[in-house]
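First up is the structure itself, then whatever we jot down about it.
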Amino acid sequence: MYILGIESTAHTFGVGITDGNRILSNERDTFMPKKGGIVPREAAKHHYRKAPEIIKSALESAGISLQQVDMFAVSQGPGILSCLKAGVSVGVFLSRKYKKPIIGVNHCIGHIEIGRLMTGFNDPVILYVSGGNTQIITYLNKRYAVFGETQDIGVGNLLDRVGRMLGIPFPAGPEIERLSNGGREYIRFPYTIKGMDVSFSGIETYVKNIIGIKRREDVCFSLQETVFSMLIEASERAMAYCGKTSLIITGGVAANSRLNEMGKRMCAQRGAEFRALDKEYTGDNGAMIAYTGYLMMNEGKTEIRPRPRFRTDVVEINYR
Ligand code: ATP
Ligand code: FE2
22 MYILGIESTA
32 HTFGVGITDG
42 NRILSNERDT
52 FMPKKGGIVP
62 REAAKHHYRK
72 APEIIKSALE
82 SAGISLQQVD
92 MFAVSQGPGI
102 LSCLKAGVSV
112 GVFLSRKYKK
122 PIIGVNHCIG
132 HIEIGRLMTG
142 FNDPVILYVS
152 GGNTQIITYL
162 NKRYAVFGET
172 QDIGVGNLLD
182 RVGRMLGIPF
192 PAGPEIERLS
202 NGGREYIRFP
212 YTIKGMDVSF
222 SGIETYVKNI
232 IGIKRREDVC
242 FSLQETVFSM
252 LIEASERAMA
262 YCGKTSLIIT
272 GGVAANSRLN
282 EMGKRMCAQR
292 GAEFRALDKE
302 YTGDNGAMIA
312 YTGYLMMNEG
322 KTEIRPRPRF
332 RTDVVEINYR
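First residue of the sequence shown? That's 22 in the working numbering, and the numbers climb one at a time after it.
Written out as structure tokens, the structure is:
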């Protein structure tokens with residue numbers, strides 16, 4: 022069964038095609054603002070403009086035609102309203118034109134399910150780290166329950182904001198990772214963790230005051246060491262509390278080698294399993310939406326509309 026999934030919650034327009042749990046293609050294009058952060062209207066314009074060519078190349082790499090698609094899946098949120106509108110309207114248009122069903126997917130659950138598929142871990146603790154989201158999740162009573170989360174901004178957002186202060190263009194994560202390898206001095210940043218919740222705004226303020234005083238490499242190194250330690254500490258607490266024996270790190274920031282290394286070490290120390298995700302599937306992508314659509318196939322008809330504040334834990338999971 023061929024499912025075409027569309028992702029457009031923020032900067033990335035992605036299209037993935039799956040046949041059951043086999044991923045046949047995963048194409049995307051990411052909007053890169055010339056200066057500063059994402060301007061919603063411009064990102065949405067990018068998505069409308071790129072949609073035909075990304076859909077075409079996803080179909081070509083999968084070796085199928087639009088007529089052969091059995092079902093469409095769209096990312097409904099959370100995300101930026103104008104960006105969501107782009108993906109949802111393209112999906113609804115295709116579903117009407119080709120008279121095939123369409124299903125709405127929660128973006129965060131997409132990140133979780135692609136993580137479970139790639140690692141083969143059935144019941145892990147999930148550290149979901151991206152630009153807009155930072156959550157520690159595990160499955161409980163037909164929901165993905167959020168055990169801990171950021172009390173202010175997402176960790177990727179923090180990296181991108183610090184990046185902007187250092188003159189690194191968006192998205193700054195990969196360049197911060199590169200610079201951190203040249204770090205020599207550990208600067209003691211605020212380390213704010215309450216139970217399983219974390220907070221990053223104090224770090225942002227702290228960094229503002231040392232920009233130009235400390236070496237860029239040391240700022241990046243200390244930033245990574247501090248925030249990743251907070252996240253791994255909170256994840257470990259969740260694993261102990263829930264009695265889980267595996268960990269998945271998913272979302273855009275899961276591309277980071279240092280974060281994966283810390284996750285791996287923590288799991289090894291407690292005799293738990295860890296497997297890092299392939300970078301192809303850490304950031305926003307269409308394949309995770311198609312695959313989650315496949316899992317949700319029997320949910321029946323859902324209302325398809327953009328849901329900018331669509332929380333992970335409001336979705337009832339009936340396929341597990
Ligand atoms: P969500 O809606 O799930 O919050 P998103 O719109 O933030 O998703 P993602 O692609 O999931 O999109 O994540 C993008 C984030 O990942 C950016 O903040 C970016 O800086 C960060 N990132 C990408 N690569 C790395 C890396 N190697 N190290 C750290 N952060 C990274
Ligand atoms: Fe994402």
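Positions of the beta carbon are idealized from the N, C-alpha and C atoms, including for glycine.
request  = Determine the contact status of Ala-193 and Gly-184, defining contact as a CB-CB distance below 7 Å.
outcome  = Their beta carbons are under 7 Å apart, which means Ala-193 touches Gly-184 by this criterion.
query = Are Glu-134 and Tyr-312 close, meaning C-beta to C-beta below 7 Å?
reply = Yes, Cβ-Cβ distance for Glu-134 and Tyr-312 is below 7 Å.
ask   = Grouping DSSP H, G and I as helix and E and B as strand, with all else coil, what is Arg-291?
value = Three-state result, Arg-291: coil.
inquiry  = Quick check: Asp-334 and Val-167, are their CB atoms within less than 7 Å of each other?
reply    = Cβ atoms of Asp-334 and Val-167: closer than 7 Å.
ask   = Is any heavy atom in the ligand FE2 found nearer than 6 Å to the beta carbon of Asp-305?
value = Because some heavy atom of the ligand FE2 lies under 6 Å away, the Cβ of Asp-305 counts as near it: yes.
message = Since Phe-93 and Gly-112 should fall inside the 8 Å C-beta cutoff, what is the C-beta to C-beta distance between them, to a whole number of angstroms?
response = With a contact defined as Cβ atoms closer than 8 Å, Phe-93 and Gly-112 qualify at about 5 Å.
ask   = Near Gln-89, what residues of its chain come up, given a Cβ to Cβ distance below 7 Å and the 5 sequence neighbours on each side ignored?
value = So the qualifying residues of the chain are Tyr-23.
Collapsed DSSP secondary structure at Glu-28 in the structure displayed = Glu-28 falls in the strand class under three-state DSSP.
query = Roughly how many angstroms lie between the CA atoms of Thr-30 and Ile-38, to the nearest whole one?
reply = Between Thr-30 and Ile-38, the alpha-carbon positions lie close to 18 Å from each other.
ask   = Going by the C-beta, is Asn-202 closer than 6 Å to any heavy atom of the ligand ATP?
value = Set against 6 Å, the gap from the CB of Asn-202 to the closest heavy atom of the ligand ATP is not smaller.
request  = Within 10 angstroms of the Cβ of Gly-275, are there 16 or more other Cβ atoms? Answer buried if so, exposed if not.
outcome  = The residue asked about is misnamed: residue 275 is Ala in this sequence, not Gly. It is buried - the Cβ of Ala-275 has at least 16 other Cβ atoms within 10 Å.
message = On the criterion of 16 or more Cβ atoms from any shown chain inside 10 Å, does Arg-43 qualify as buried, or is it exposed?
response = The residue in question, Arg-43, is exposed, as its Cβ has fewer than 16 Cβ neighbours within 10 Å.
ask   = Under the criterion of a Cβ to heavy atom distance below 6 Å, does Val-60 qualify as lining the ligand ATP?
value = For the ligand ATP, not one heavy atom lies less than 6 Å from the Cβ of Val-60.
ask   = Skipping 5 residues on each side, what residues in its chain have a beta carbon closer than 7 Å to that of Glu-246?
value = Hits under 7 Å: Tyr-207.
ask   = By DSSP, does Leu-45 sit in helix, in strand, or in coil?
value = Three-state result, Leu-45: strand.
query = For Lys-66, which of helix, strand or coil comes out of DSSP?
reply = In the structure shown, Lys-66 sits in a helix (DSSP, three-state: H, G or I).
request  = Identify the continuous alpha helix (DSSP H) that holds Cys-92 and give its terminal residues.
outcome  = For the record, residue 92 in the displayed sequence is Met; it is not Cys. No alpha helix (DSSP H) contains Met-92, which is instead part of the beta strand (DSSP E) from 92-98.
key: 4 or more residues per run - each alpha helix (DSSP H) lying fully within the stretch 171-238   = With a minimum length of 4 residues, the unbroken runs of alpha helix (DSSP H) contained wholly in the stretch 171-238 fall at 176-186, 194-201, 222-231.
key: Cα-Cα separation, Leu-252 to Ser-86   = When only Cα atoms are considered, Leu-252 and Ser-86 end up about 43 Å apart.
request  = Compare the beta carbon distance of Arg-328 and Gln-97 with 7 Å and say whether it is the shorter of the two.
outcome  = Result yes, Cβ atoms of Arg-328 and Gln-97 sit closer than 7 Å.
message = When you measure from the CB of Ser-151 to every non-hydrogen atom of the ligand FE2, does any distance come out below 6 Å?
response = Yes, the ligand FE2 has a heavy atom inside 6 Å of this Cβ.
request  = Please indicate yes or no: does the CB of Asn-47 lie closer than 6 Å to some heavy atom of the ligand ATP?
outcome  = Not so, every heavy atom of the ligand ATP lies at least 6 Å from the Cβ.
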